[in-house]
Amino acid sequence: GVEETFQLVADVVEVPKDYEMAMEAALGARLQSILTPRSESAINAVGLLKEERAGRSTFFNADLMDDIKRQSFHVPENDPRVKGYLKDLIHVPEQHQKTLAHILDGVVVVDTLQTALQLRPALKGYSFVTLDGDVLSQDGSLTGGSSEGADSGLLKQKREIKELNLRRDESSGKLALAVASLEKLEA
24 GVEETFQLVA DVVEVPKDYE MAMEAALGAR LQSILTPRSE SAINAVGLLK EERAGRSTFF
84 NADLMDDIKR QSFHVPENDP RVKGYLKDLI HVPEQHQKTL AHILDGVVVV DTLQTALQLR
144 PALKGYSFVT LDGDVLSQDG SLTGGSSEGA DSGLLKQKRE IKELNLRRDE SSGKLALAVA
204 SLEKLEA
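Each residue of the sequence shown is one higher than the one before, starting from 24 at the first, in the numbering used here.
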């Protein structure tokens, strides 16, 4: 059976607002992938999906993630065009760090596609993503365009829901305080 708790990639990553579009562009549909600690759990889940004719899912299994062997280049700290490795610009809970590092390995955040094109000859095998969500993939494919409509991205929605919940909680506390003060005045 499917006894373990599965988590979506999008549910475990904390992405600063400035990097939301870059993260969504870099991962695309993989944001909806499911993280599992063991491949056996994923196999059971796939069996259940087939049995129930409940669709398809992609699973990232921690026990199948090899340690990353990519030789990394030192991100120039004095070059404002290069923001850094995407995996270093987000927060991931400890138990998912190895898996997310594997998924995000080799993704560099830069300011523009021109910067990506300039860096690419020295960094073959790397993918580049801009803050606007344009991507130069390691295979040389370029993806980009208007960010209209990209404003409703999954990570942005999750952040806004979190912010609204915090505001609701804060307002509830203020309301309770006001009610208590009013009751005290009426007494």
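Note that beta-carbon positions come from the ideal geometry of N, C-alpha and C, so glycine has one too. In this text the structure is predicted, and so the values were computed from the model without any measurement.
query: Our contact map puts residue 63 next to residue 54 with C-beta atoms below 8 angstroms; I'd like the distance itself, whole angstroms only.; result: The pair is not a contact, with the Cβ atoms about 24 angstroms apart (cut-off 8 angstroms).
query: Output the distance between the C-alpha atoms of residue 79 and residue 123, rounded to the nearest integer angstrom.; result: 21 angstroms
query: Rounded to the nearest angstrom, what separates residue 29 and residue 70 at their Cα positions?; result: 15 angstroms
query: Kindly list the residues whose CB is nearer than 6 angstroms to the CB of residue 85, restricted to its own chain and excluding five residues on each side of it in sequence; keep chain order.; result: 60 and 122
query: With DSSP as the reference, label residue 97 as helix, strand or coil.; result: coil
query: Once you ignore the five residues that flank residue 106 on each side, which residues in its own chain have a CB closer than 6 angstroms to its CB?; result: 132
query: For residue 5, which of helix, strand or coil comes out of DSSP?; result: In the structure as shown, the chain begins at 24 and stops at 210. Residue 5 is therefore absent and cannot be evaluated.
query: State the beta-bridge partners of residue 84 as determined by DSSP.; result: 59
query: Across which residues does DSSP place residue 166 in a beta bridge pair?; result: 158
query: Closest to residue 147 by C-alpha separation, out of 156, 162, 157 and 194, would be which residue?; result: 162
query: Less than 8 angstroms between the beta carbons of residue 115 and residue 36, yes or no?; result: yes
query: What distance in whole Å lies between the Cβ atoms of residue 136 and residue 154, which are believed to be in contact at a cut-off of 8 angstroms?; result: Actually they do not touch by this definition, with Cβ atoms about 11 angstroms apart.
query: Closest by CA to residue 49, which one among 159, 207, 205 and 209?; result: 159
query: Is the beta carbon of residue 143 closer than 8 angstroms to that of residue 40?; result: no
query: In chain order, what residues of the same chain have a beta carbon less than 8 angstroms from the beta carbon of residue 25, not counting five sequence neighbours either side?; result: Legend: pLDDT at residue 25 = 46, less than 50; position of this residue unreliable, value from coordinates given subsequently. The residues are 64, 67, 68 and 71.
query: Please give the ranges of any beta strand (DSSP E) in the segment 102-148, keeping only runs that are unbroken, at least 3 residues long and fully inside the region.; result: 105-108 and 130-133
query: So, with DSSP's three-state summary, where would you put residue 36?; result: coil
query: Is residue 126 buried or exposed, if buried means 16 or more other CB atoms sit within 10 Å of its CB?; result: buried
query: Go ahead and label residue 202 buried or exposed: buried means 16 or more other beta carbons lie within 10 angstroms of its beta carbon, across all protein chains shown.; result: exposed
query: In this structure, what does DSSP give as the bridge partners for residue 153?; result: 133
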